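Numbering (the numbering used here), first residue to last: 14 to 360.
The beta carbon of each residue, even a glycine, is placed where N, CA and C say it ideally should be.
Small disclaimer: the values here were computed from a predicted structure and weren't measured.
The structure appears right after this line, and notes come after that.
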Amino acid sequence: MRNMNKKSADTTLAIWIPAAAAAIYPWILEAFHWSVTPATSDHSGTQLSTIAILTASLLLMAAFAVPLMNLMIASRPQHTAALTAANVRARRFALLAVTAPTLYVFFGVLTYIAGSKVPDQWIWSPAWLVFGYVASRSTDAVMPQHTRTSAHLRVVHGICGALAALYVVFHIANHLFGLISPEAHAAVMDIGRTVYRAKLIEPLLVAVMLFQIASGLRLVWTWSVASSDRYQMFQIASGVFLSIFILGHMNSVFIYARTWLNIPTDWAFATGLPSGLIHDSWNIRLLPHYALGVFFVLAHLCSGLRVVMLAHGVKVPLANRCWWTGVLLSILISVAIICGMTGLRLA
Ligand code: HEM
């Protein structure tokens, strides 16, 4: 009985911690904005104090800690035999909370288009607490044994993923050119556009992205019940993040920018010029969104590669080493792109 109570308290915490972390997320960004905004109204050339830089760095780390912590909660080992509906719901809830940085951007674009006058965080934070409350009220019924995902769907998701990767690798390499100059970024994008914006290819690219979201979420639904190891949970969590990221990103590019504002989707659009990513209270949410988008898409591809390697008889330690190398490279590429987007130039 005491064990049951402990288990149920664990599950409740596994919902309330991600809910609270996601609810607090916009306030961390708000505090970051406050810490990088000098007291004077003239911001040009104003140097930030060491304390302000230190505070801002800690707050940025706290913003990244939100999805990281939720990822760790979602990855807690589960014992399949005694798995209850509450365990599964807690895990799925933590997976959703991993997406907070990208969901907050998507949400912000939608409220902006809808003309909402209420600051986003005033809707966002209570909404997460309500979600947490609803999720924590699920029953303790024992889950039916794990039903396996269709092998066919996994293969098709992998093949389409490889197709999508052709675009994604180009797109990410394109963003690295921002480290040289916005002009270099634009020149490479112009070359790429002749291919990915071609009449037949662009709809195909969008269709592949939408298929990856739908098929990926279907796989996540089944795998989130299974007692997965941490590598599998990372693959699942990065896939959930990407589903929201890609949907929100395509909404920003195709609907918000190209259709609603009728502006070009260029360097200025991506980096939130003229105010940039760091000093604007809205744009700062784009920084973790872009950084994690790049990191998760590359690391998700590494996870897929690891599965393929294992299926082809590669030894587990070697496959894991390749995965770790890929993940470290993904972090470096993500940091490099964000440095370019926030003004660092190599020359
Ligand atoms: C630093 C991160 C990123 C930034 C700043 C960014 C920015 C942009 C911009 C400016 C465009 C418009 C391109 C154009 O007009 O030709 C675009 C399009 C797009 N991006 Fe990204 N992106 C990022 C990461 C990603 C990632 C990780 C993915 C995939 C998971 C992705 C998927 C797409 C797709 C599917 C399009 C539509 C392509 C089209 O115009 O047909 N982006 N992005």
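Judged by DSSP in its simplified three-state form, Thr97 adopts strand. Here the alpha carbons of Phe183 and Ile204 stand approximately 11 Å from one another. By a beta-carbon distance limit of 8 Å, Val111 contacts Leu84. Their separation comes to about 5 Å. The ligand HEM has a heavy atom closer than 8 Å to the beta-carbon of Asp279. Here the alpha carbons of Ala87 and Val253 stand approximately 12 Å from one another. Taking C-beta atoms as the reference points, Ala103 and Ile226 fail to come closer than 9 Å. The shortest C-alpha to C-alpha distance from Ala349 to any of Ala270, Val79, Pro277, Asn187 is the one to Asn187. Around the beta carbon of Leu26, fewer than 16 other beta carbons lie within 10 angstroms, which makes this residue exposed.
Straight-line measurement puts the Cα of Asp23 at about 42 Å from the Cα of Phe267.
When the alpha-carbon of Leu342 is set against those of Val307, Phe77, His325, Gly317, the nearest one is in Val307. DSSP, read as helix, strand or coil, puts Gln60 in coil. The criterion of a C-beta distance shorter than 9 Å is satisfied by Leu192 and Leu357. Residue state for Arg210 is assigned as coil, using DSSP reduced to three classes. Burial is judged here by how many other beta carbons sit within 10 angstroms of a residue's own beta carbon; His262 has at least 16 and is buried.
Excluding sequence positions up to five before and after Thr68, its CB lies within less than 7 Å of the CB of Ser48, all in the same chain and listed in chain order.
If you draw a straight line from the Cα of Leu223 to the Cα of Leu61, it is about 43 Å long. Using a cutoff of 8 Å, the CB of His46 does not count as near the ligand HEM, since none of the ligand's heavy atoms is closer than that.
In the structure shown, the three-state DSSP call for Ala52 is coil. The continuous alpha helix (DSSP H) containing Ala281 extends over residues 280-283.
The C-beta of His302 has 16 or more other C-beta atoms within 10 Å across all chains shown, which makes the residue buried. Leu286 is not a Cβ neighbour of Val221, given a cutoff of 9 Å. If you draw a straight line from the Cα of Ala199 to the Cα of Phe120, it is about 28 Å long.
If you check the CB distance, Val181 and Leu305 do not come in under 9 Å. Proximity to Ile185 across Gly353, Ala360, Leu359 peaks at Gly353, based on C-alpha coordinates. In this structure, the alpha-carbon of Trp295 lies about 16 Å from that of Ala270. Per DSSP, Phe183 is one residue of the alpha helix (DSSP H) stretching across 164-189. For Gly306, the uninterrupted alpha helix (DSSP H) run begins and ends at 299-324, by DSSP.
Sequence-distant Cβ neighbours of Leu359 in its own chain, meaning closer than 7 Å and more than five residues away, are Leu192, Ile193. With fewer than 16 other CB atoms across the displayed protein chains lying within 10 angstroms of its CB, Arg210 is exposed. Counting C-beta pairs closer than 8 Å gives three or more between the segment 34-41 and the segment 133-142, which meets the contact rule. Asp293 sits in coil when the DSSP states are folded into three classes, being neither helix nor strand.
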